[in-house]
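What follows is a set of notes on a single structure, which appears directly below.
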Amino acid sequence: MLYPWQSASWQRFTQQYQQQRVPHAVILTGVSGLGQSALAEQMAMLVLCEVQDATAPCGQCHSCQLFLAGNHPDHTLISPEETGKQIKIEQIRELKHKQTLTANVSQWKTAILTPAEAMNINASNSLLKLLEEPQQNTFIILITAEPAHLPITILSRCQKVPLTLPSSETAIAWIQDQGNFEKIEITKALTMAKSAPLAALSLLSDGSLDYLEQVSRDFTTLLQHKANPVQLAQQWQQYDLKLILNYLQLRLKERIVDNTKHQNLRSNPQNWQIYDCIIKTIKLLSSSNNINKVLLIEQFMVSVMDYPTSQNAVLNQ
Numbered sequence: 060m061l062y063p064w065q066s067a068s069w070q071r072f073t074q075q076y077q078q079q080r081v082p083h084a085v086i087l088t089g090v091s092g093l094g095q096s097a098l099a100e101q102m103a104m105l106v107l108c109e110v111q112d113a114t115a116p117c118g119q120c121h122s123c124q125l126f127l128a129g130n131h132p133d134h135t136l137i138s139p140e141e142t143g144k145q146i147k148i149e150q151i152r153e154l155k156h157k158q159t160l161t162a163n164v165s166q167w168k169t170a171i172l173t174p175a176e177a178m179n180i181n182a183s184n185s186l187l188k189l190l191e192e193p194q195q196n197t198f199i200i201l202i203t204a205e206p207a208h209l210p211i212t213i214l215s216r217c218q219k220v221p222l223t224l225p226s227s228e229t230a231i232a233w234i235q236d237q238g239n240f241e242k243i244e245i246t247k248a249l250t251m252a253k254s255a256p257l258a259a260l261s262l263l264s265d266g267s268l269d270y271l272e273q274v275s276r277d278f279t280t281l282l283q284h285k286a287n288p289v290q291l292a293q294q295w296q297q298y299d300l301k302l303i304l305n306y307l308q309l310r311l312k313e314r315i316v317d318n319t320k321h322q323n324l325r326s327n328p329q330n331w332q333i334y335d336c337i338i339k340t341i342k343l344l345s346s347s348n349n350i351n352k353v354l355l356i357e358q359f360m361v362s363v364m365d366y367p368t369s370q371n372a373v374l375n376q
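Residue numbering for the sequence shown is 60 to 376, as defined by the numbering used here.
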């Protein structure tokens, strides 16, 4: 299944395929929620399809049926064994071994690795060796929303396939087709999801927008020095911490821009310090290191409380 905003990327790839110029490795980049996995699966499925010179996988041949069933012997999916964990060197070694074997069904062997930034250093070094000496008729797809976290040596050996954001009209129309959502709620979700339609749809479907209002109240209490950071950090563990921080960053940015636009001399001078603190915490949370999330959020809250604030809370000025 391809999404409307993927048509340009798909057309470029099918042209490469028909011209027999499929690269040995590509890296799909773009913010989370653009359907990178769906595009990667279509690319791998086309390469493995038994119908030659097709512009899309036929979906009917033996190879396509095996792929759709999730047990194609010439395709490998590599991801962390547990959510939030790293991709290990053993997984890459297994891929390297499979790449040396003769294909069972198709003429090609394919692999999807997601999220690529989850590889530990040993796994990255092992993959690099495979990229430096690729086997014939092999196609590897890396997916990442954070390419800056990948070694430059790996990035330089993969063809870049950046997925661009759709227009707001396209995104809104697509989400409206998926369910009965109000336009104002869709717009809010898209803002929170950095304009990525799938991420926005997830926010609308799982009720995340509702608990963000509670987060706003919690943060106001924190800024007023009326909250216990230890207890509050424990409560926030039930939420998507990255979403919470992105939400707080957005709200604070709106406040700073609004104050600047209206030359509000009463604007809290500590806004920028708190804004920087949020960005720093987001970076730590997004790093591939194994961090104690409870401790990280506690430290973030204590740091925020250390900044003197005006009588009015930052988000409610």
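Ideal Cβ placement from N, Cα and C applies to all residues, glycine included.
>> I believe K219 touches T197 by the beta-carbon criterion, under 8 Å. Please report the beta-carbon distance rounded to the nearest angstrom.
In response: No, K219 and T197 are not in contact; Cβ-Cβ is about 19 Å, not under 8 Å.
> Between the C-alpha atoms of P63 and L311, what's the straight-line distance to the nearest angstrom?
Replying inline: 33 Å
>> Taking DSSP's pairing of strands, which residues face K352 in a bridge?
In response: The partner list for K352 (beta bridge, DSSP) is empty, contrary to what the question assumes.
>> So, at 8 Å on beta carbons, what are the nonlocal neighbours of E205 in its own chain, with the 5 sequence-adjacent residues on each side left out?
In response: P174, E176 and S345
> How many angstroms separate the CA atom of I86 from the CA atom of N181?
Replying inline: 19 Å
> Helix, strand or coil for P82 per DSSP?
Replying inline: coil
> Per DSSP, what kind of secondary structure is Q283 in: helix, strand or coil?
Replying inline: coil
>> Can you give me the C-alpha to C-alpha distance between N130 and F359, rounded to a whole angstrom?
In response: 44 Å
> Identify the residues that DSSP records as bridge partners of P221: which are they?
Replying inline: T88
> Taking the alpha-carbon positions, what's the Q195 to R216 distance?
Replying inline: 16 Å
> Count the other CB atoms within 10 Å of the CB of P256; is the residue buried (16 or more) or exposed (fewer)?
Replying inline: buried
> Among S254, H208, L201 and D236, which one has its Cα closest to the Cα of T223?
Replying inline: S254
> In three-state DSSP terms, what is F72?
Replying inline: helix
> So is S91 in contact with chain C if we call contact Cβ pairs under 9 Å?
Replying inline: Among the chains in the structure shown there is no chain C, since it carries only a single protein chain.
> CA-CA distance, Q95 and A292?
Replying inline: 32 Å
> From what residue to what residue does the beta strand (DSSP E) around K168 run?
Replying inline: K168 to L172
> Would DSSP call F126 helix, strand or coil?
Replying inline: helix
> Taking buried to mean at least 16 other C-beta atoms within 10 Å of its own C-beta, is P116 buried or exposed?
Replying inline: buried
>> Per DSSP, what are the beta-bridge partners of M178 in this structure?
In response: I146
> Apart from the five residues on each side of it in sequence, which residues of its chain come closer than 6 Å, Cβ to Cβ, to A84?
Replying inline: L190, I199 and C217
> Whose C-alpha, out of H284, Q283, L260 and Q273, is nearest the C-alpha of I303?
Replying inline: Q273
> Run through DSSP, which three-state label would T203 get?
Replying inline: coil
>> What does the alpha-carbon distance come out to for the pair Y298 and L263?
In response: 15 Å
>> Comparing C-alpha positions only, which one of L271, Q296, G92 and I137 sits nearest to L309?
In response: L271
>> Can you look up T161 in the DSSP assignment and give me helix, strand or coil?
In response: coil
>> Assuming contact is defined by CB atoms lying nearer than 9 Å, are S91 and E109 in contact in what I supplied?
In response: no
> What's the call for P225, buried or exposed, on a 16-neighbour Cβ count within 10 Å?
Replying inline: buried
> With distances taken from CA atoms, which of L307, Q237, T246 and I350 is nearest I337?
Replying inline: L307
>> Looking at the secondary structure, which residues open and close the alpha helix (DSSP H) in which T246 lies?
In response: K242 to M251
> Using the rule of at least 16 other Cβ atoms within 10 Å of the residue's Cβ for burial, across every protein chain shown, is M60 buried or exposed?
Replying inline: exposed
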